[in-house]
Amino acid sequence: MQQLADTARLGMSMRFRVSVDGINLGSWATCAGLSVEFKNTQVTEGGNYEYAVILPDRVEYRAITLRRAMSLQESAILQRWLHGVVSGWYNAASPRDFGPRTAEIELFDATGTAVASWTLRNVYPSRWVGPDLDATGSRVAEETLELVHEGFL
Numbered sequence: 280m281q282q283l284a285d286t287a288r289l290g291m292s293m294r295f296r297v298s299v300d301g302i303n304l305g306s307w308a309t310c311a312g313l314s315v316e317f318k319n320t321q322v323t324e325g326g327n328y329e330y331a332v333i334l335p336d337r338v339e340y341r342a343i344t345l346r347r348a349m350s351l352q353e354s355a356i357l358q359r360w361l362h363g364v365v366s367g368w369y370n371a372a373s374p375r376d377f378g379p380r381t382a383e384i385e386l387f388d389a390t391g392t393a394v395a396s397w398t399l400r401n402v403y404p405s406r407w408v409g410p411d412l413d414a415t416g417s418r419v420a421e422e423t424l425e426l427v428h429e430g431f432l
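In the working numbering, the protein residues as written are 280 to 432.
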C-alpha cells in the first residue's frame, strides 16, 4: 500500500520540459492535448448485410496547451522565441522559407528522471496568453502556450 501512495505522490509532482529546434522553452506545470484520433469511413457494400467495411481516413492531432507560473528567466526565453517566430513569418518570402519546426516534450517525475517524450512534427505557436493582472488578488501569474503540429507518431 505504501508503494501505491509513493507512486501517486510522484505522479502529482511530474513536470514537462519543452524545446523547439533545440531551444529549451523551460518547464511547464501542465500539458494538455497529447492525443491522436484515427478517423475512418464506414462503407456499406451491396449484398453485405452483416457489417460495414471500415476504411482508414486520416489521423488527427489536437493542439498542445502548456501552462505554468511565469518566471523571469523561462518567460523571457519564451518571449524571445515567439519574437523570432513573428520575425520569421514577416521576413519569409513564402511559408516554405520559414521551415518546419520540431518540438520535443519530455516528461519528468519528481526526482527529475525522464519518464517519456514526444517529438512533434512541423510545430507552430497558435496562441500565447499572459497572466490576468490583479494586484488585489493572491493568484499566481500564469502563462499559457498553445502549439499546433502535424503529429508525433
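Glycine residues also receive a C-beta, built at the ideal position from the N, C-alpha and C atoms.
Spatial distance of residue i from residue j (CA atoms)
| i | j | result |
| --- | --- | --- |
| residue 293 | residue 301 | 22 Å |
| residue 431 | residue 299 | 14 Å |
| residue 307 | residue 356 | 13 Å |
| residue 289 | residue 329 | Note on residue 289: pLDDT 43, under 50, position unreliable in the model; no value is reported. |
| residue 404 | residue 381 | 12 Å |
| residue 421 | residue 359 | 17 Å |
| residue 325 | residue 336 | 21 Å |
| residue 284 | residue 388 | Note that residue 284 has pLDDT 45, beneath the 50 cutoff, so the model's placement of it is unreliable and the number below is only indicative. Looking at the two C-alpha atoms, the distance is approximately 15 Å. |
| residue 316 | residue 399 | 15 Å |
| residue 365 | residue 371 | 10 Å |
| residue 352 | residue 379 | 26 Å |
| residue 412 | residue 368 | 29 Å |
| residue 327 | residue 354 | 59 Å |
Opening and closing residue of the alpha helix (DSSP H) in which residue i lies
| i | result |
| --- | --- |
| residue 369 | 351-370 |
Of the listed residues the options, nearest to residue i (C-alpha basis)
| i | options | result |
| --- | --- | --- |
| residue 313 | 427, 343, 363 and 428 | 343 |
| residue 311 | 345, 420 and 388 | 345 |
| residue 296 | 419, 397 and 351 | 397 |
| residue 425 | 369, 341 and 412 | 341 |
Pair within 9 Å by beta-carbon distance, residue i and residue j
| i | j | result |
| --- | --- | --- |
| residue 402 | residue 428 | yes |
| residue 338 | residue 322 | no |
| residue 395 | residue 385 | yes |
| residue 334 | residue 320 | yes |
| residue 347 | residue 392 | no |
| residue 349 | residue 416 | no |
8 Å contact criterion, which residue i and residue j should meet: CB distance rounded
| i | j | result |
| --- | --- | --- |
| residue 407 | residue 423 | 7 Å |
N-terminal and C-terminal residue of the beta strand (DSSP E) that residue i is part of
| i | result |
| --- | --- |
| residue 316 | 315-322 |
| residue 405 | 403-408 |
| residue 340 | 332-340 |
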